[in-house]
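First up is the structure itself, then whatever we jot down about it.
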Amino acid sequence: MDRFWGLLTPAEHEVLGATGAERDYPPGSVICAEGEITRHVLVVRRGLLRVTATTANGYEKVLAIRGSGDIVGERSAVDGLPRSATVCALNAVRALVLSAPTFVALCQRYPRISWAVLTVVITRQRDTDRQRTQISGTATQRVAAVLIDVALRRGIADQGAVSLSQEELAGIAGTSRESLVRVLRSLRERGIISTGRRKIEIHQVSRLHDLTN
Ligand SMILES: Nc1ncnc2c1ncn2[C@@H]1O[C@@H]2COP(=O)(O)O[C@H]2[C@H]1O
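Structural data, given as C-alpha cells:
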C-alpha cells in the first residue's frame, strides 16, 4: 500500500519526527473543518480518520477513511486555500503534526519527501477515479468493494472487525440507507459478515472479492 510513511526511509522518518510533534486526538475530535483556514499537516501514527465533505444539497459525504501512515491536510499547506474537507477521529488517534511552513520547508529540502507526497496524491486521484467508475456497479458490488478496502487498510487478511457505521458505509459506497440495509442483510444471511453497533465483522474477505467480479 502506498502510504506516505511507508514510502520514506528511516532517516526521513527521523527528520519528520524531529520537526513535528506527536499529538493524541480522542475519538470524535475534529482535526480540521471544511472551509476553515488552518494549515497544519498530520501523519497518522495510530487510529482511523474519517474525511467528509458537504455536497451541494447539504448532505455530508464520506470521502475516505485514513489510517496509520497516511498524510492528511497537505492540500491547505501547499495551496494556502481553506480546508477542502472535514477530518475527524473515528477512534483514538495519534498523529505527528507539522506546521505548514515546516512541511513546505521539508518538501523543498528533501525531494524524496515531496515525491512521497506526490505519490500519495496520485494514488488518491486514481482511487477517486476508480470509485467514480465503480459507481455504476450494483449496490452489493460497491459495498463489497468498500469493505475490502477498509479491511485492507486495517490489515485484515480474511477475517476481522471494522468499525464503521451504516451511515458512513452508505456514504462511501454511494448507496441509500435502505439499499445498504438490504445488502448487509443478504451478506449476513450468506455468512460473509455479521453486524453490530458501528461495527462490521467480516468473516471472509475472499467471498467479498467474489462478489465484486
Ligand atoms: N477525497 C479525499 N481522499 C482522501 N483525503 C482527502 C480527500 N479530500 C480531502 N482529503 C484530505 O482532507 C484534508 C482536509 O484538509 P486539506 O484540504 O488541507 O487536505 C485534505 C486532504 O488531506
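Heads up: the sequence shown runs through residues 1 to 213, numbered per UniProt numbering.
For glycine and all other residues, C-beta sits at the position ideal for the given N, C-alpha and C.
Below 8 Å, too few C-beta pairs join the stretch 6-13 and the stretch 27-36 to call them touching: fewer than three. Relative to ligand 1, Ala64 has its C-beta within less than 8 Å of a heavy atom. By DSSP's assignment, Ile71 forms a beta bridge with Val43. At a threshold of 8 Å, Ile200 does not count as near ligand 1, since its beta carbon sits no closer than that to any of the ligand's heavy atoms. Inter-segment contact for the stretch 183-190 and the stretch 113-123 is absent: fewer than three beta-carbon pairs are separated by less than 8 Å. Taking the C-beta atoms as reference points, Ala89 is found nearer than 9 Å to Tyr25.
Taking a 10 Å sphere around the C-beta of Gly155, we find fewer than 16 other C-beta atoms and assign the residue as exposed. In this structure, the CA atom of Phe4 is about 9 Å from the CA atom of Ile113.
Leaving aside the five residues that flank Gly160 on each side, the residues in its chain whose CB is nearer than 8 Å to its CB run, in chain order, Ala151, Arg154, Glu201 and Ile202. Remark: the C-beta of Ala116 is outside contact range of ligand 1, defined as less than 8 Å to any heavy atom. CA-to-CA, the gap between Gly20 and Ala100 works out to about 11 Å.
When Leu8, Leu211, His209 and Asp210 are compared, the shortest CA-CA separation from Leu106 is found for Leu8.
DSSP places Asp24 in the strand class (E or B) of the three-state scheme. Ranked by Cα distance from Asp127, the options Tyr59, Gln166, Arg66 and Gly58 are led by Arg66. Counting only unbroken stretches of 3 or more residues, the beta strand (DSSP E) elements lying wholly within the stretch 72-106 are 86-89 and 93-98, in sequence order. In this structure, the CA atom of Leu208 is about 8 Å from the CA atom of Gln141. Here the C-alpha atom of Val87 lies approximately 12 Å from the C-alpha atom of Val93. For Ser194, the uninterrupted beta strand (DSSP E) segment begins and ends at Ile193 to Gly196. Thr52 is bridged by DSSP to Val62 and Thr86. Cβ-Cβ distances below 8 Å link Ala53 to Glu34, Glu60, Lys61, Leu63, Ser84, Ala85 and Thr86 in the same chain, with the five nearest sequence neighbours on each side left out; the list follows chain order.
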